[in-house]
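If you're matching positions, the sequence shown starts at 0 in numbering that gives the first Met the number 0 and goes up one per residue.
Notes to accompany the following structure.
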Amino acid sequence: MTGREITLEEPATRIVALTASDCEIIYAIGAGDALVGRGEYCDYPAEVLDVPSVQSGNETNIEQIIALEPRLLLMSTMAQTEEQVAALEAAGVKVVVSDAHDIAGVYTAIELIGKLMGKEAEAAAVIDRMKTTFDEIAAGAAGDGSKTVYFEVSPLEYGLWTAGTGTFMNEICEMLGLKNAFADVTGWGEISEEQVLQRNPDYIVTVSMYWGDGPSPVEEIMSRDGWDSITAVRNGDILNLRNNELSRPGPRLADGAQLMFDFVY
């Protein structure tokens, strides 16, 4: 979360959350009833789809948000401008901007949202469950850092992007006793096919969505020209976490880490 200061005289009871991870946190701490609006990409848990959606991301619609009469808005650093924040605050809406890149940042976001909504104990319980899962995974991981994994955050169709150091994906990689094939990348970075081929990862984890039309993300990767020379492709060691378990900085990162553990070990 950013360093902006806000004051709430009582727990927030009308909230709009524009980011999917914040929506997931709200439901994880048992505060879904306070959500009166969501960003259009917020889709988990299923009941969030019953909440009115507003345009978000690069096309954030301030008028739609104000019309829902929230007391509090949660939005991401990438999706806000000073003008937008000023317009919302002029309409009486408190704004909190989230910016979680690593697991510690996720804990901070959960803790803060818990405080804003009067759900401190519930937030602490969510964090404790995540920490327990991560500790169990780290204790059970037998890797010595010799095996490498390539995280495909964006598929070839849209330009390859991966997760480097300073990201929650990289932390989970290290937790599993693996080495990130792109540990020399800082944050989220665009890469080339040639780089992936050269680094020859032992495992590939893709977070691409799949709606049943055409080849699956795993099939598409295995069919790429020249990729059959990659160890992960040759051995079929490709994991598709298509339900955002590993791509959103929220409580389900623990689920994503467990799925990766089960896949590798």
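Using N, Cα and C, we set each Cβ at its ideal position, and we do this for glycine too.
Could you work out which residue in A256, E156, Y26 is closest to P214 when comparing CA atoms only?
E156 is the residue among A256, E156, Y26 whose C-alpha sits nearest the C-alpha of P214.
Could you give the first and the last residue of the continuous beta strand (DSSP E) run that contains G188?
Residues 187-189.
From R247, A33, E119, S246, pick the residue whose C-alpha is nearest to that of V50; which is it?
Of R247, A33, E119, S246, the residue nearest in Cα terms is A33.
Pull up the distance between the alpha-carbon of V195 and that of R37, whole angstroms please.
Cα to Cα, the separation comes out at about 36 Å.
To the nearest angstrom, how far is it from the Cα of I64 to the Cα of I14?
Their backbone Cα atoms lie some 10 Å apart in a straight line.
Bridge partners of G36, per DSSP?
In DSSP, G36 forms a bridge with V15.
My output table needs one value for T1: the three-state DSSP class, helix, strand or coil.
Here T1 scores only 47 on pLDDT, less than 50, and its place in the model is too uncertain to base an answer on.
So, at 8 Å on beta carbons, what are the nonlocal neighbours of G2 in its own chain, with the 5 sequence-adjacent residues on each side left out?
In this predicted model, G2 has a pLDDT of only 48, less than 50, meaning its place in the structure is not dependable enough to derive any value.
If I measure Cβ to Cβ from D227 and keep anything under 8 Å in the same chain, skipping five residues before and after, which residues do I get?
Around D227, the same chain offers M221, R233 as residues with beta carbons nearer than 8 Å, after the five sequence neighbours per side are excluded.
If you run the structure through DSSP and keep just helix, strand and coil, what is N243?
Coil, per DSSP.
With respect to the alpha helix (DSSP H) encompassing E170, which residues constitute its N-terminal and C-terminal limits?
Where E170 is concerned, the enclosing alpha helix (DSSP H) stretches over 167-174.
Roughly how many whole angstroms lie between the Cα atoms of K178 and V84?
Spanning the two alpha carbons is a distance of roughly 40 Å.
Would you list the residues sitting across from V96 in a DSSP beta bridge?
Looking at the DSSP assignment, V96 forms a beta bridge with M74.
Excluding five sequence neighbours on each side, which residues of the same chain lie with their C-beta closer than 7 Å to the C-beta of G29?
Counting only Cβ-Cβ distances below 7 Å, and skipping sequence neighbours, we find K118, E121.
State the beta-bridge partners of V148 as determined by DSSP.
Answer is N179, Y202, bridged to V148.
Per DSSP, I237 is paired with what?
I237 pairs with I203.
Spatial neighbours of Q257 in its chain, beta-carbon cut-off 7 Å, leaving aside the 5 residues before and after:
Hits under 7 Å: T132, I136.
If you follow the beta strand (DSSP E) that A162 is in, where does it begin and where does it stop?
For A162, the enclosing beta strand (DSSP E) starts and ends at 160-162.
Which residues in the same chain have their Cβ closer than 6 Å to the Cβ of I109, if we skip the five residues on either side of it in sequence?
Short of 6 Å from the beta carbon of I109, and not among the five residues preceding or following it, lie these beta carbons of its own chain, in chain order: I24, A122, V125, I126.
I'd like the span of the alpha helix (DSSP H) that includes G255, first residue to last.
For G255, the enclosing alpha helix (DSSP H) starts and ends at 252-263.
Could you tell me the alpha carbon to alpha carbon distance between M0 and Y106, rounded to whole angstroms?
Because M0 carries a pLDDT of 45, less than 50, the predicted location of this residue cannot be relied on, and the following value inherits that uncertainty. For M0 and Y106, the distance between alpha carbons rounds to 11 Å.
As a quick exercise: from A16, V263, D98, A11, pick the residue whose alpha carbon is nearest that of A141.
Checking every option, the nearest Cα to that of A141 belongs to V263.
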